[in-house]
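Residue numbers (the numbering used here): 78 to 343.
Even glycine gets a Cβ: it sits at the ideal position worked out from N, Cα and C.
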Ligand code: ADP
Ligand code: MG
């Protein structure tokens, strides 16, 4: 059964899309069957894996509104190394349509139901808002991965995100947990980065990934070539960091599995 991870933070520019693309590519490189779901009307994850968002016949919008099945709208990307459910401006219509619907929060969860057996990981790149689309991703996922830029205002807004996660867990999705907090765009020369990072560790402890994503120009350049960093420059520090993150995600899943087995007496 696929493990579904929502990459969420209502702040824009914190590295959600960069993380979604590069985690998806790195998990695929580690032999996992991966589906990347673009939930953002900006379609940045779609473009970032080399798909022209303007030329799409079918998108996640058609799937979320129940007009098409997931399988019809999903396409293989990067020589078939993983799959993408693409998005473009039509996602705005999905947001509006689902808000009017009863149980509109559950559209992604329902769409993924039959696909869960075909993948090991589903990575959902959320829009920069606590919107209906983000709530859909939180409702469908096992864990939420929160990218955080280690800057002064990083912790601001985290309370709102945690409240939303708490509500979704209480009302819709009892499985939902924090997959991890990820420090992104880290600059060791900036003292503030170190301070914010220390604050995160003291608040969230082991929920913070050991892996730190450095500020790395290759990560910023790769999307304009429609490539994950791994394909654009595998030797870059950013690409290596995302490989390490994928290893950490896999290790945490194994540990979680082991703990569950232990608690069931196995
Ligand atoms: P979000 O999806 O949260 O809005 P993005 O992943 O699009 O954030 O990142 C915002 C901008 O920062 C993009 O231009 C991206 O290329 C760049 N970026 C993201 N992570 C890094 C990094 N580690 N180093 C350098 N640039 C980065
Ligand atoms: Mg984004």
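Between the CA atoms of residue 154 and residue 132 - distance to the nearest angstrom: 15 Å
Out of curiosity, what's the CA-to-CA distance linking residue 234 and residue 259? 15 Å
By how many angstroms is the C-alpha of residue 160 removed from the C-alpha of residue 95? 16 Å
With residue 287 as the anchor, note down where its beta strand (DSSP E) starts and where it stops. 285-291
Would you call residue 172 buried or exposed, if buried means 16 or more other Cβ atoms sit within 10 Å of its Cβ? buried
Less than 6 Å between the CB of residue 95 and some heavy atom of ligand 3, yes or no? No copy of ligand 3 appears in this structure; the ligands present are ligand 1 and ligand 2.
Quick one: Cα of residue 213 to Cα of residue 115, how far? 12 Å
Compute the minimum distance between the beta carbon of residue 165 and the heavy atoms of ligand 1, and state whether it is under 6 Å. no
By DSSP's criteria, residue 80 is part of a beta bridge. Which residues make up the other side? 198
For the alpha helix (DSSP H) that residue 147 lies in, which residues bound it at each end? 147-150
On the criterion of 16 or more Cβ atoms from any shown chain inside 10 Å, does residue 117 qualify as buried, or is it exposed? buried
Could you tell me which residues DSSP puts in a beta bridge with residue 226? 261
Let me confirm a value: residue 343 is counted as buried when at least 16 other C-beta atoms fall within 10 Å, else exposed. Which label applies? Per-residue confidence for residue 343 stands at a pLDDT of 42, beneath the threshold of 50, marking its modelled position as unreliable; the derived number appears in the next sentence. By the 10 Å Cβ count, residue 343 comes out exposed.
Any heavy atom of ligand 1 closer than 6 Å to the beta-carbon of residue 297? yes
Suppose the cutoff is 7 Å on Cβ atoms and the five residues either side in sequence are ignored; what does the same chain contact list for residue 91 look like? 224, 225, 226, 261
Is it the case that the CB of residue 223 approaches a heavy atom of ligand 1 more closely than 6 Å? no
Tell me whether residue 300 sits in a helix, a strand or coil according to DSSP, three-state version. helix
From the DSSP output, which residues share a beta bridge with residue 153? 160
Does the beta-carbon distance from residue 249 to residue 182 come in below 7 Å? yes
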